[in-house]
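Undergrad: Take 0 as the starting number for the sequence shown in numbering that gives the first Met the number 0 and just add one per residue. Ideal placement from N, C-alpha and C gives every residue a C-beta, glycine not left out.
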Amino acid sequence: MLVIRRRTGESLWIGDSVEVEIIEAGPGKVKLGIRAPREIPVVRSEIRATREQNQRAAGGVEAGVLKRILAGVRRD
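#1: Determine, using beta carbons only, whether I33 and V19 come nearer to each other than 9 Å.
#2: Please go through the same chain and pick out, in chain order, the residues whose beta-carbon is closer than 8 Å to the beta-carbon of K30, but skip the five residues on each side of it.
#3: With C-beta atoms as the reference, is V41 less than 9 Å away from A35?
#4: Please state the DSSP three-state secondary structure of I68.
#5: According to DSSP, is R55 helix, strand or coil?
#6: Quick one: what's S44 bridged to in DSSP?
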């Protein structure tokens, strides 16, 4: 892991297309601004962990089971 010190208003680049700017820094927290192309997903780690957990939980469901469940759902 590369560790870099930056002050408010300073930035760093990841590759040629992603810029991370320090917007605000205070005791125990940092506010970042991230400029990246739309095709590069930028996601907080806790959101990514939740998404991966949900995908693992749903991975064991067979298509036939889902069809039977959805067939019983009423549409208003």
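TA: To lay it out plainly:
#1: yes
#2: I21, I22, E23, A24
#3: Result yes, Cβ atoms of V41 and A35 sit closer than 9 Å.
#4: helix
#5: Correct three-state label for R55: helix.
#6: S44 is not bridged to any residue.
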